[in-house]
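Worksheet: the structure to be examined is printed underneath.
In the numbering used here, the protein residues as written are 202 to 317.
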């Protein structure tokens, strides 16, 4: 297998990982919507002994969401670092046909410039 084919396989694997992450996030969004609906319709201030209990429960949910967001951010940063490594190696070697450039902006075809 040539170096270019290896790069394509790595990029394809990264794209599949991103797709699976999107599916997981979509499922989490549906789950969160169901939870929100249940909380809004079934919990009231009378369900708690006091305001302190209600705030504590809210903070627990908030902390869980922060942990999920933090975990996803770390995972996405690691994937981006891997892609940068792959693309920067392409710049150094000058062999293969992955396309010009090498930064993550080039990977996505300079999307930022095309959205004017």
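The beta carbon of each residue, even a glycine, is placed where N, CA and C say it ideally should be.
About 6 Å separates the CB atoms of residue 284 and residue 215; that is less than 8 Å, so the two are in contact. If you draw a 10 Å sphere on the C-beta of residue 288, you find 16 or more other C-beta atoms in it, and that means buried.
In this structure the stretch 247 to 263 does not touch the stretch 273 to 281; the number of beta carbon pairs closer than 8 Å is below three.
For residue 236, the three-state secondary structure derived from DSSP is helix. When only Cα atoms are considered, residue 232 and residue 204 end up about 42 Å apart. Within the model, the alpha-carbon separation for residue 219 versus residue 226 is close to 10 Å. C-alpha of residue 253 to C-alpha of residue 241: approximately 19 Å in a straight line.
Rounded to the nearest angstrom, the gap between the Cα atoms of residue 269 and residue 206 is 34 Å.
When DSSP states are grouped into helix, strand and coil, residue 250 belongs to the coil group.
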